[in-house]
Every structure is written in C-alpha cells, then in structure tokens.
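Under UniProt numbering, the residue at position 206 of the sequence shown is numbered 206, and the numbers go up by one with no gaps. Note that CB positions come from ideal geometry on N, CA and C, so glycine has one too. Remember, predicted model here, so these are calculated numbers, not experimental data.
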Amino acid sequence: MSSGRPRWVVVDDTNTDIVYTGSSWFQDTGSQDSAGNFGPAYRSTLHGTKANASLSYSFSGSRVRVWGTNNIRNDSGVIDPKWECFIDQISIGTTSTFAFAENNWLFCEHNGLVDGPHVLTVNATVNREQTFWFDAIHYVPSPSASLDKAEILLDNRDPALGYGPQWQSLGATANMTTRQGSIFDFDFYGVSLSWYGFIPTELPHDATTATYSVDGETPVNFLLKGLPVDNTITIYNQKFFETKTYPAGPHHLSVVYQGNGQSTPLTLTHLVIQNGTASSTTTSAGSSGTGGAGNSGNLSGNGGNAESSTNVGAIAGGVIGGLVLILLAVLAFVFLRRRHQRRQREIDLQEEAPHMVEPFGYTPVNPELPPNHPYPSRRKLAADSRRAMAMVADTKHQQATATRRCSQ
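Structure below.
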C-alpha cells in the first residue's frame, strides 16, 4: 500500500556499490562536521577529490537527489570546484552554490524519471585544488527494487507516523511539541532507527530531555541540548538518537517529551530506518486478512442440502447482477485512484522540499534565489519564523492565564 509520501533510499558515500573513477578520491571522517549550520555530513563521512574525477551509481527508481558539502572558492567569478550530474548520460544540471561552507547541500536532483533502472553519474571539475566533497545519494525506489540492507528515509509528513494530539507542524519540513508528556508512536520494519530534527532559535533555548522505547523495553533518555542564550542561528539536521540494533522484523517505537514551554522543543524532520521497507504498512503476526475463513467449512458441509434445493435461475441472476456491480465498482475505483495519484504527484512535486533548508544569518552569492531553487524562499523562511514566534507568544499567554486562575 502506498504511503502517499515518497520514502527514499539513502546511499552513503561509503556504499561499495558506488563506483569512484579517478585516483584522487579519498575518504574523510568528521573533518567537515562543524561547517555551517546544516549539521554534520551523513554518518560524518565524505568522499573528496582535489582533481577532476567522477562517480557513478546504478539504481532502479523514479526520483534521485545528490548531496554533498558546499565549500567553494570564488576567485573573481571563477568558481572552484564545479560539478554536473547525469542520468543515463543526459545532464540534469546542478543547483546553485553558496558563498559559505555548508554540509547537506543539494548538488542536483531529478523528480520526473521513468520508473526503472538508471545510472547516475556525477562529474567533478577541480581547477585550483579546492576539494569537492560528496556525501550521499537519495532515490525513490521502484516497487520491485530489492531493498536488502537499505536505509530508508521517511519525512515528517509520512502518514504512518503517530503524532499525539500535542504535536503540531513547524513550517513545511518539521513537526514539534513543547508540551510535557507528549507522545509519538511508530511501527516500523527493520533493525534500527535514527531520529533527526533541528533546533529552532525562535523558540526557547534551554536544554531538556525526552525518552524513547522500542518494543516496550525500558525507556532510554536522550538529550535535547538546545542552544546558547545568545545564539541567533537555527541548527539543522541534528540526530537526536539512534536505537540499538534489533533482529530484522516489525518493531514499535514510542517517544515521550519531558520538557515544557520554557525548554527547547522536540522536533522531527525525518527518520532513517536501517533495513527498512518502502511501504507504509507492515504485516502483523497472525493477521492474515481473511477474517471469517474459519466458517468456510459450513458452505460445503451442513449447508449442502439447502443449496441443492435453491432455484438455479435465481442464483444465476444474482451472480450476474453481482458481477455487474463488482465491475462498476472496480471501474470507479480505478478512475478515482488514477485521478488521486495524478493529483498527489502534482502536490508532491510542488510542495515537497529537501530536508535541509537555507541557513539563517548568511548572505548568499545571489540574494534573489531562482524560481527552481531547491530550498524554501526567504519569504517562506520568514513566515516560518513568524509562526514559531507566534507559538512562543501563545505558550506564554496560556501560562499567564493559568497563573491568574491559580491566584484567584
């Protein structure tokens, strides 16, 4: 069953199925983690090159994105390094660069692939030994693609996520809670799970904690470290926790927020499931979907004599009428499903944004972003900031009202 939201396969730069061409490639762990405010590289690993080189990866799917660390040098308009992406030897171009170093930067993407096998190629051009940093590939897999040992990314709007009533949206790319005791539940299939969010500067900065529990085990505390008092920059792409490894199979995650309106919120931008599934549903043990089958023996047992005396013409007429109704229902279902899928694809392509957004507090190379820029516009960021501030004001108003009631 389709989830209504795409689930992405995450391919880290260390994946052995990636083919690196050129002797200049080298692997790096952690040296760029503190760059910018988009958080560390995925699993803190990167592949870099200080000379012209390329990489390629074969996949089966309908959408693809390439991520890396944006760390360019601009000498009188000469940008170094440069890169270009290709699908099946056809260029899909690049996204805009940025004047400052940032991890988790979208290098290129294509959202309209014919579902099936493809080859992604990324060519890096380095003129003045400014390192080109590659981080990861994300793609939406074909329904028939093998996902053995794959890492599956679910965004915050996946309908399988179980937000409690005290959760709310924070812009288009995250959900959050500031209410003590808020609960989140999620059933997943895999061996482990990682939770990612961000730390908004517009909301309280004080550190707090939350807990997670898998399959009813003893809850594990994790820290929400917040931000320094004088910090004015939102910090993105923070991994709040990663579970231990469990046997492959269905599991249940429960998360409880322990903070309050005076502490940093618990946010969720996306989850990454190790050995996960691209489907939003898992089959529960003992749930066969054939309810009532236990009574089927009566149809050919004690009920046999009654059937033999039934009018054959009435049965035939009933069967034909039933088949006509079923056929009409099927045609209506197919029509409505196709129309829904077409509208959903349009909505996804128009509304979906990558999980990393443009950083606050910096001045980009081109202040006016092009219409096809992969990150939210400054107007949208400002709206999200105002929404966050309104949440703070609402929380303070509720607290003041409660205080007055207690004093009376």
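Does the beta-carbon of residue 109 have 16 or more other beta-carbons within 10 angstroms, so that it is buried, or is it exposed? Position 109 of the sequence shown, counted from the first residue, corresponds to residue 109. Buried, since its Cβ has 16 or more Cβ neighbours within 10 Å.
Rounding to the nearest angstrom, what Cα-Cα distance links residue 22 and residue 207 in this structure? The residue labelled residue 22 in the question sits at position 22 within the sequence shown. The residue labelled residue 207 in the question sits at position 207 within the sequence shown. So the two alpha carbons sit approximately 46 angstroms from each other.
When DSSP labels each residue in this structure, what does residue 96 get in the three-state scheme? For the purposes of this step, residue 96 is taken as the residue at position 96 of the sequence shown. Three-state DSSP puts residue 96 in coil, outside helix and strand.
Given a cut-off of 7 angstroms, decide if residue 196 and residue 270 are closer than it, judged by their beta-carbon atoms. Position 270 of the sequence shown, counting from 1, holds the residue named residue 270. Position 196 of the sequence shown, counting from 1, holds the residue named residue 196. Yes, they are a contact pair.
Judging by CA-CA distance, which residue of 9, 6 and 56 is the nearest neighbour of residue 20? Numbered from 1 along the sequence shown, position 20 holds the residue referred to as residue 20. Residue 56 is the option with its Cα nearest to residue 20.
Among 209, 230, 237 and 187, whose alpha-carbon lies nearest the alpha-carbon of residue 198? By one-based count along the sequence shown, residue 198 stands at place 198. Ranking the options by Cα distance to residue 198, first place goes to 237.
I'd like the list of long-range same chain contacts for residue 362, defined as Cβ closer than 6 angstroms, with 5 residues on each side in sequence excluded. For the purposes of this step, residue 362 is taken as the residue at position 362 of the sequence shown. Here residue 362 scores only 32 on pLDDT, less than 50, and its place in the model should not be relied on; the value that follows carries that caveat. So the qualifying residues of the chain are 100.
Euclidean distance between Cα positions of residue 234 and residue 214: Here residue 234 corresponds to residue number 234 of the sequence shown, with the count starting at 1. Here residue 214 corresponds to residue number 214 of the sequence shown, with the count starting at 1. For residue 234 and residue 214, the distance between alpha carbons rounds to 30 angstroms.
Name the residue from 223, 13 and 175 whose alpha carbon lies nearest to the alpha carbon of residue 268. On the sequence shown, position 268 is the one that residue 268 refers to. Of the candidates 223, 13 and 175, the one whose C-alpha sits nearest the C-alpha of residue 268 is 175.
Sequence-distant residues of the same chain with beta carbon closer than 8 angstroms to residue 245, five excluded per side: Against the sequence shown, residue 245 aligns to sequence position 245. The answer, listed in chain order, is 191, 192 and 274.
If you follow the beta strand (DSSP E) that residue 75 is in, where does it begin and where does it stop? Stepping through the sequence shown from its first residue, residue 75 is reached at position 75. First-last of the beta strand (DSSP E) with residue 75: 73-75.
I need the boundaries of the beta strand (DSSP E) containing residue 191, first residue and last residue. Reading the sequence shown from its first residue, position 191 is the one you call residue 191. Counting along the chain, residue 191 falls outside any beta strand (DSSP E), and DSSP gives it neither H nor E.
Among the candidates 185, 87, 134 and 76, whose CA atom is the shortest distance from the CA of residue 156? In the sequence shown, counting from the first residue as 1, residue 156 sits at position 156. It is 185.
In whole angstroms, what separates the C-alpha of residue 27 from that of residue 37? Mapped onto the sequence shown, residue 27 falls at position 27. Mapped onto the sequence shown, residue 37 falls at position 37. Answer to the nearest angstrom: the Cα atoms are 22 angstroms apart.
Identify, in the order they occur along the chain, each residue of the same chain with its Cβ nearer than 7 angstroms to the Cβ of residue 79, setting aside the five sequence neighbours on each side. The count along the sequence shown starts at 1 and reaches residue 79 at position 79. Hits under 7 angstroms: 72 and 97.
Nearest to residue 65 by CA position, among 4, 93, 33 and 230, is which residue? Translated into the one-based positions of the sequence shown, residue 65 becomes position 65. From the listed residues 4, 93, 33 and 230, the smallest Cα separation to residue 65 is found for 93.
Residue 116 classed as buried or exposed, judged by whether at least 16 other C-beta atoms fall within 10 angstroms: The residue given as residue 116 occupies position 116 in the sequence shown. Classification of residue 116: exposed, given that the 10 Å Cβ count is below 16.
Spatially closest choice to residue 169 from 49, 41, 265 and 68, by CA coordinates: Within the sequence shown, numbered from 1, the residue matching residue 169 stands at position 169. Closest by alpha carbon: 265.
If I measure Cβ to Cβ from residue 288 and keep anything under 8 angstroms in the same chain, skipping five residues before and after, which residues do I get? In the sequence shown, the residue the question calls residue 288 occupies position 288. Low local confidence applies: a pLDDT of 33 at residue 288 is under 50, so the model's placement there is unreliable, and no value is given.
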